[in-house]
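Here is the structure we will look at.
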Amino acid sequence: MTDPIPMLELPDWYEGGYTDAEDLVCQYFRWLLGDKVFVCTWLPEGHYVLSPGQPVGGTQPTLRVWRQPGKSDEDTRIDFALVQIAAITPTRKESWELIEFIRRMLEEPVCKGVEVVLSDGTSSSIKSSAEWLGPQLIPERLVDEKFIPVTFKIGLRESESLPNYRKVLNTLPR
């Protein structure tokens, strides 16, 4: 019999950091699209069937959300995350329609400040949003003209209620 895998336990004084950009984007689009589009961070095994060159194929309408590299700004306490959102549908035309919906809903005047309920029940909002890399058909791991990614640079501010961790560290016993 194997031992159970130990779960992560952080110190009691740690109250968190930046919002999970993938979770925020996933929950935002789940809220907007309901169950009409499957939203995930990783495609489940067998969910997506490659069908390059075929007029119809692929999968149910799906958004795959993936955080790429980004950078936090210590002065503003904003995490600037590059988030790739890939639209995958049964047809190329529908994939382009879905990616255009994504582009419009992530325009800063549309999404900035909209409260989004995260998977843990807390809420957060996008502080800034800009298209970083427009829709393209690129040779990724999944090569199919029905798989269309777009990348946005999204700013997420950490909670203002977090403690000053430097002050916390100064109180810890050595």
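For the sequence shown, numbering that gives the first Met the number 0 begins at 0 and goes up steadily by one.
All C-beta atoms in this analysis are idealised placements derived from N, C-alpha and C, irrespective of residue type, glycine included.
With contacts defined as CB atoms closer than 7 Å, D78 and L161 fail to qualify as a contacting pair. Annotation for D78: the continuous beta strand (DSSP E) segment containing it runs I77 to I87. Exposure of Q59 is indicated by the presence of fewer than 16 other C-beta atoms within 10 angstroms of its C-beta. Look at W65 here: in three-state DSSP terms it is strand. Between L132 and T150 the beta-carbon gap is near 4 Å, inside 8 Å, which marks them as a contact. Taking all protein chains in view, the Cβ of Y164 is surrounded by fewer than 16 other Cβ atoms within 10 Å, so the residue is classified as exposed. In its chain, beyond the 5 residues on either side, F79 have a beta carbon closer than 7 Å to the beta carbon of K70. In the DSSP assignment, L97 is bridged to no other residue. When the five nearest sequence neighbours on each side are left out, the beta carbons in the same chain lying within less than 6 Å of the beta carbon of Q83 are those of W65, Q67, P148 and T150, in order along the chain.
With a threshold of 16 other beta carbon atoms within 10 Å, S128 meets it and is buried. As DSSP reads the structure, A129 sits in a beta bridge with K152. No residue range can be given for V113, since it is assigned to no beta strand (DSSP E) and is classified by DSSP as neither H nor E. Here L7 is exposed. Its C-beta has fewer than 16 other C-beta atoms within 10 Å.
Contact check between the stretch 91-103 and the stretch 113-129: fewer than three CB pairs, one atom from each, fall below 8 Å, which does not count as touching. By the Cβ-count criterion, I4 is exposed, with fewer than 16 other Cβ atoms from all chains shown falling within 10 Å of its own Cβ.
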